[in-house]
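K.L.:
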Amino acid sequence: MSLDQPSQKPHDRLAAALSGEMTAVNALIRERMASEHAPRIPEVTAHLVEAGGKRVRPMLTLASAKLCGYEGPYHVHLAATVEFIHTATLLHDDVVDESAQRRGRPTANLLWDNQSSVLVGDYLFARSFQLMVETGSLRVLDILANAAATIAEGEVLQLSAARDLATDEGVYLKIVRGKTAALFSAAMEVGGVIAERSEAEVRALYDYGDALGIAFQIVDDLLDYGGSDATGKNIGDDFRERKLTLPVIKAVAAASQEERAFWVRVIEKGDQRDGDLDHALELMARHGAMEAAQADALSWVATAKAAMGTLPESELRGMLVDLADYVVARIS
């Protein structure tokens, strides 16, 4: 069997192990995104939810609950909650970023309009809170409500830090912890909470999700400059959008006066010309920025894998460890 076959990829093995639960999650998602009075809601939601995404976040919740021996029904509700929060943020992000494509398909705001994307995102946030409440756990509600607030905070921080060359790795980490890692960590943490596991195990689940989410975002930043089509983005999209991602932040930190003037022109002033992307890649190569960012991602993967050591040994735990390795293997 070729290693390129999907069944060999960790997220596909995880999906196979959780297929029964994911079927229930998908059924609940379809049921709760229905609207008797506004048919556009399921149209817009279905465009994103059924776009062929990997559903990593809801699978993390299912895997966490199952790893912790949970046997009740509410892990399905929580997995659907996590997917609704994620989908809502995507709808809003595409409006903020004025995106025209996601996962290789036209964005909802392009197919419909910005108003529909914002309002349907709001509807999904409201639905996610309804699902949380049904679990009857105040702590679960607290974790996921905090995650939703942290995601919004991260996005706003990114707005204020965007195109400002003073943005350093500390600010970058705060942004990533907000907009990406917060939902990964919450997705893992709630599985341990509903299973009523020890505080040490719940913390380990949180730490795994946090580190995995940070590594995931760093790798996405690298893929934008690294020639992979795995993200459905064109090479250099982040550069054209003047985003200060980790490879650029590292190159700017090491830049000479002349190199810094280039970054000011293309990122802060937005004066981009033919050949600038190639020059940016040369500067990153000169200072080893891509390799340094990849080393950071590997360090976060090691943190995620170490956190799993607190949990009971099982095939599922092994899959989560493999998933962490796979996040960085995408750029190897």
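Each residue of the sequence shown is one higher than the one before, counting from 1315 in my numbering. C-beta: ideal position from N, C-alpha, C; glycine also.
Smallest Cα separation from E1345: which of Y1486, L1438, D1538 and Q1608?
P.N.:
Of Y1486, L1438, D1538 and Q1608, the residue nearest in Cα terms is L1438.
K.L.:
From A1360 to F1443, what distance separates their C-alpha atoms?
P.N.:
Cα to Cα, A1360 sits roughly 19 Å from F1443.
K.L.:
Locate the alpha helix (DSSP H) running through P1561, then write down its first and last residues.
P.N.:
Start and end: L1560 to A1567.
K.L.:
Do G1468 and F1498 have their C-beta atoms closer together than 8 Å?
P.N.:
Result no, Cβ atoms of G1468 and F1498 do not sit closer than 8 Å.
K.L.:
Three-state secondary structure (DSSP) at D1326?
P.N.:
Helix, per DSSP.
K.L.:
So for D1551, helix, strand or coil by DSSP?
P.N.:
Helix at D1551.
K.L.:
Using DSSP with H/G/I as helix, E/B as strand and the rest coil, what is G1523?
P.N.:
Helix.
K.L.:
Whole angstroms is fine: what's the gap from D1610's alpha carbon to M1633's?
P.N.:
Rounded to whole angstroms, D1610 to M1633 spans 22 Å at the Cα level.
K.L.:
Alpha helix (DSSP H) containing T1337: first to last residue?
P.N.:
Looking at the DSSP string, the run of the alpha helix (DSSP H) that includes T1337 is S1333 to R1346.
K.L.:
My understanding is that L1479 touches V1578, with C-beta atoms under 8 Å, so please give their C-beta distance in whole angstroms.
P.N.:
Right, the Cβ-Cβ distance comes to about 6 Å (below 8 Å), so this counts as a contact.
K.L.:
Whole angstroms is fine: what's the gap from F1576's alpha carbon to A1565's?
P.N.:
Distance between the alpha carbons of F1576 and A1565: 11 Å.
K.L.:
Once the 5 residues before and after M1446 are set aside, which same chain residues still bring their CB inside 7 Å of it?
P.N.:
Only T1395, V1454, L1455 and L1458 meet the Cβ criterion.
K.L.:
Which residues in the same chain as V1516 place their Cβ atom closer than 7 Å to its Cβ, once the five residues preceding and following it in sequence are excluded?
P.N.:
Once the five neighbours on either side are set aside, the close Cβ partners of V1516 are E1503, G1506 and V1507.
K.L.:
Please confirm whether F1553 and T1494 have their CB atoms less than 8 Å apart.
P.N.:
Cβ atoms of F1553 and T1494: not closer than 8 Å.
K.L.:
Could you check where the alpha helix (DSSP H) with E1572 kicks off and where it finishes?
P.N.:
Here the alpha helix (DSSP H) through E1572 covers Q1571 to W1577.
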